[in-house]
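A quick write-up on the structure given underneath.
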Amino acid sequence: MVATATGVIRLSWEDPATGETHEWVGPAPVLVGRSGENSVVLNSHQVSRQHVRLEHAADGLILRDGGSSNGTYVNGVRVTQATLSDGDTFAVGPFTLMVRVGSPPASGAIATQPALRLSWQDASTGRHQMVDLNRPITIGRAASNDVVLTGGSVSRHHATIAPEGGQPVLSDQGSANGVAINGGRVERAALRPGDVITIDEFRLDVELAPSPPDRSAPGRPATAPPARDQYLGRIVPSATADDGHTLVLDTAVALASLRSGPSFPPAFFREPVVPMAAVAAAGLPVDTTVYFAVGGGLGSFTWADHLVVYGAPPEHVVAIGLEELPYGRYARLCRQSQIPEFERLRSNSDSCPDNLWGWPGYAVREIYTSLLGGDFGNALRRAWQIFGEPTFAETYTPRAGDVFRSIDREADRIGWSRMWRYGRVVAIRKTDDGRYVVAYSQSTPEQPSVHRLMVAQYVHLAIGYPGIRLLPDLQRYREQTQDFRSVVNAYEDHEHVYQGLLKHGGVVLVRGRGIVASRIIQRLYELRQQNPRVGVLHLMRSPLAQGNRFGRSQRVVENHWEFQPFNWPKSCWGGELRVQLERANEHERDMLLNEWGGTTTADRSDWRQIVVEGLRKGWYQIRFGEVRQVVRNQPGKLVTTLVGKGLIHEQIELEADYVIDCTGLEATVDAHPLLKDLVEHHELARSVKGRLRVANDFEVVGMESGQGRMYASGAMTLGGPLAAVDSFLGLQYAALASVEALVAQGAPGLRSLHPIRSLFQWLKWASGEAP
Numbered sequence: 102m103v104a105t106a107t108g109v110i111r112l113s114w115e116d117p118a119t120g121e122t123h124e125w126v127g128p129a130p131v132l133v134g135r136s137g138e139n140s141v142v143l144n145s146h147q148v149s150r151q152h153v154r155l156e157h158a159a160d161g162l163i164l165r166d167g168g169s170s171n172g173t174y175v176n177g178v179r180v181t182q183a184t185l186s187d188g189d190t191f192a193v194g195p196f197t198l199m200v201r202v203g204s205p206p207a208s209g210a211i212a213t214q215p216a217l218r219l220s221w222q223d224a225s226t227g228r229h230q231m232v233d234l235n236r237p238i239t240i241g242r243a244a245s246n247d248v249v250l251t252g253g254s255v256s257r258h259h260a261t262i263a264p265e266g267g268q269p270v271l272s273d274q275g276s277a278n279g280v281a282i283n284g285g286r287v288e289r290a291a292l293r294p295g296d297v298i299t300i301d302e303f304r305l306d307v308e309l310a311p312s313p314p315d316r317s318a319p320g321r322p323a324t325a326p327p328a329r330d331q332y333l334g335r336i337v338p339s340a341t342a343d344d345g346h347t348l349v350l351d352t353a354v355a356l357a358s359l360r361s362g363p364s365f366p367p368a369f370f371r372e373p374v375v376p377m378a379a380v381a382a383a384g385l386p387v388d389t390t391v392y393f394a395v396g397g398g399l400g401s402f403t404w405a406d407h408l409v410v411y412g413a414p415p416e417h418v419v420a421i422g423l424e425e426l427p428y429g430r431y432a433r434l435c436r437q438s439q440i441p442e443f444e445r446l447r448s449n450s451d452s453c454p455d456n457l458w459g460w461p462g463y464a465v466r467e468i469y470t471s472l473l474g475g476d477f478g479n480a481l482r483r484a485w486q487i488f489g490e491p492t493f494a495e496t497y498t499p500r501a502g503d504v505f506r507s508i509d510r511e512a513d514r515i516g517w518s519r520m521w522r523y524g525r526v527v528a529i530r531k532t533d534d535g536r537y538v539v540a541y542s543q544s545t546p547e548q549p550s551v552h553r554l555m556v557a558q559y560v561h562l563a564i565g566y567p568g569i570r571l572l573p574d575l576q577r578y579r580e581q582t583q584d585f586r587s588v589v590n591a592y593e594d595h596e597h598v599y600q601g602l603l604k605h606g607g608v609v610l611v612r613g614r615g616i617v618a619s620r621i622i623q624r625l626y627e628l629r630q631q632n633p634r635v636g637v638l639h640l641m642r643s644p645l646a647q648g649n650r651f652g653r654s655q656r657v658v659e660n661h662w663e664f665q666p667f668n669w670p671k672s673c674w675g676g677e678l679r680v681q682l683e684r685a686n687e688h689e690r691d692m693l694l695n696e697w698g699g700t701t702t703a704d705r706s707d708w709r710q711i712v713v714e715g716l717r718k719g720w721y722q723i724r725f726g727e728v729r730q731v732v733r734n735q736p737g738k739l740v741t742t743l744v745g746k747g748l749i750h751e752q753i754e755l756e757a758d759y760v761i762d763c764t765g766l767e768a769t770v771d772a773h774p775l776l777k778d779l780v781e782h783h784e785l786a787r788s789v790k791g792r793l794r795v796a797n798d799f800e801v802v803g804m805e806s807g808q809g810r811m812y813a814s815g816a817m818t819l820g821g822p823l824a825a826v827d828s829f830l831g832l833q834y835a836a837l838a839s840v841e842a843l844v845a846q847g848a849p850g851l852r853s854l855h856p857i858r859s860l861f862q863w864l865k866w867a868s869g870e871a872p
């Protein structure tokens, strides 16, 4: 369909840091740029203030570059002006936008403009005030305004904020002293999460608003859990309840039993602050502890490890989760995404979950083990890597099995098995004595009503990813057909796909182009060595002409793959980029994460060679486009229909035997019932990336309870002081920052880890002695 003078323009793009889809809908002309005055605001220094203009003309929709510093790329080609067809893409800095003109979105597309609110402190009462930006509001000195600011330099009717095209837009109403956003004076600007509005001496923060709570079942998590196939950890091997019996639990069954059992959590969980008298009278088993870790995975393990090394008695630490091994779920996801124990993880040598000090790292340990075993060749290769990386050698990464065995050793050393207990946390509330009460369930199909309460002074949240992320068209296909064998997510158990290909051959359609896609394509390449009738169609959303740029650095792109040793620049862990992000405000953090983020894969020579060879021989082919639907045809093939482009609007159909979705894991707060309930009940602010807002010491902002404190780590803290939050070293850094904060507060049992004491504790670690 050709653009018309009255056609609605729909722009969609992915957040470079989170991969989540955003959408803008409205009439032409459309201005795209970094300035808040644009229709579409893209927060990156790579984007000029007024970067691109889209407008209708007689022959279609015209894109004009506004003299930008870094250029505009249409379908991978740099242009200053171009006529766009329906379905074309154009790249602006780290953002790639797809254009839809005069037509509905592709089936399954979701508009994700975030709900925003304005937050400020009332000067007369000192109280914190908030107002949602889902309606027009007025700001000024007059009492009739929605937001009343009583400063002498505030005009009676100073500014307004009104929704336009699904996005709140601030307009100065001719005030005498003006309005500033993020330090720059504006007349009119679209608002984004993290923006700071300054009027006179008043500061007004633009925040992500919580989703409207579901009050149909007070005291319960506000939403039903995802479908069974979207849960990560379905089976809990060797999970042991308090009575010592071994359980094999299906997560979805557990959730169903929670919903069908008696009211839990108790009714008093609806209160803003829970009275301890009500806890005592609840008629439920109540335990107390000092330190309580929610999640039971690697994030909980690293926090517990730091606590014990810093002096906390192990009996004062309780960790709750669904898997006895702290790396249980992680190891399963590795196996299912084609990382067996002999393969290498995308992690650095000094990212050691078992070792606070990071020395000796995994490279040194592997060299030592190889020398002892007489494998001098491997020892020399690893030594060359750590001394030559990344300029002269590929970056060293540890073997998965080595990491898991080292965690086993540390778990035994600190007494993890005595800290851990089986259970699923349902809700967390503040108590009136400055602590927290946690409602958790140990229910099973055989025992559907095993509920308990835990009261703790300090709580740590590290729940990981709530579930897999399945593309909307693939999710819809599975719901309609109940076909979970032909269409799979890379993180699901899909070994049957490779066994079928080995026997019968076939074509696999791969969706996504990150590190997981590289692993899947490597496995398919290895299958081809046994059955050459295996082919790969790789579907990408758009061409990739150049890599993300930050300062003078730019990532390498080859055959539409973007390369980087780790998922973030290495300096994000402990160098100047970490310090820069920690010191930044919300708006600056959003910008930095956009520029450092993006979907990348490791720069491995064998992976690059597989792609080059596959393209040359034809068994690996790349296609670009937006999917309209996935169906099964009469011969039994999966047919993926792409949205056509241009005047003829032809449709492209891709036939395959299997589809593997490599787009990743779900990481939104609303996808996890516990976090959604926590944010809504306590009205917590979210980070600029929609996750939990945490302070620089990883304390959850707004969850302080008297002397009690709540901390968090992992993917749910993205948008805070650290970019690489879902990495081994990221979990360790968050644990270090929170435990150092607890030491400063005088938390029970903890002592400063000064150099002499640190050396003493390292010697204990090296000898395997308990802390």
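Last residue of the sequence shown: 872 (this note's numbering), numbering continuous.
Yeah, the Cβ is synthetic: ideal placement off N, Cα and C, and Gly gets one too.
- Secondary-structure assignment with DSSP links GLY809 through a beta bridge to SER806.
- Taking a 10 Å sphere around the C-beta of TYR469, we find fewer than 16 other C-beta atoms and assign the residue as exposed.
- Measuring C-alpha to C-alpha distances from GLN182 to each of THR582, SER868, GLY167 and SER814 identifies GLY167 as the nearest.
- LEU837: member of the alpha helix (DSSP H) spanning 829–846, first to last residue.
- Our two residues, PRO386 and ILE421, have alpha carbons roughly 16 Å apart in a direct line.
- Within the stretch 271–318, complete beta strand (DSSP E) segments of at least 3 residues are found at 280–282, 285–287, 289–291, 297–300 and 303–309, given in chain order.
- DSSP places HIS661 in the coil class of the three-state scheme, outside both helix and strand.
- When the alpha-carbon of PHE861 is set against those of GLY396, THR818 and PRO872, the nearest one is in PRO872.
- Per the C-alpha coordinates, the member of TYR559, ARG304, CYS435 and GLU490 positioned closest to ALA501 is CYS435.
- Here VAL374 carries a coil assignment [DSSP, helix/strand/coil].
- The Cβ-Cβ distance between THR390 and ALA557 falls below 8 Å.
- Secondary structure at LYS531: strand, using DSSP grouped into helix, strand and coil.
- ILE621 is the residue among SER401, HIS605, LEU603 and ILE621 whose C-alpha sits nearest the C-alpha of GLU593.
- Under the DSSP definition of a beta bridge, MET555 partners with ASP388 and VAL539.
- By the C-beta density criterion, ARG634 is exposed, having fewer than 16 other C-beta atoms within 10 angstroms.
- With a contact defined as Cβ atoms closer than 8 Å, PRO195 and GLU696 qualify at about 6 Å.
- Going by beta carbons, GLN735 and THR742 fall outside the 8 Å limit.
- Listed in chain order, the non-local C-beta contacts of ASP455 below 6 Å within the same chain comprise SER507, ILE508 and GLU511, local neighbours out to five positions each way being set aside.
- As DSSP reads the structure, THR742 sits in a beta bridge with GLN730 and GLU754.
- Within the DSSP secondary-structure output, SER220 pairs in a beta bridge with MET231 and ASP306.
- The DSSP-derived three-state label of HIS123 is strand.
- Counting only the Cα atoms, LEU198 lies some 5 Å from SER113.
- Close CB contacts of GLY648 within its chain, under the 7 Å cut and outside five residues either way in sequence, are with GLN655, ARG656, VAL657, VAL658 and GLU663 (chain order).
- In the structure shown, PRO269 adopts extended strand secondary structure according to DSSP, grouped into three states.
- With respect to VAL232, VAL248 sits close: the two C-beta atoms are nearer than 8 Å.
- Inclusion of SER448 and THR403 in the CB contact set at 8 Å is not warranted, their separation being larger than that value.
- When the alpha-carbon of VAL780 is set against those of MET817, ARG705 and SER256, the nearest one is in MET817.
- Boundaries of the beta strand (DSSP E) harbouring THR190: 190–193, taken from the DSSP string.
- Within the DSSP bridge table, the entry for ALA394 names ALA420 and HIS561 as partners.
- In the pairwise beta carbon analysis, the stretch 764–780 is classified as touching the stretch 606–624: at least three pairs are separated by under 8 Å.
- Secondary structure of ASP704 (DSSP, three-state): coil.
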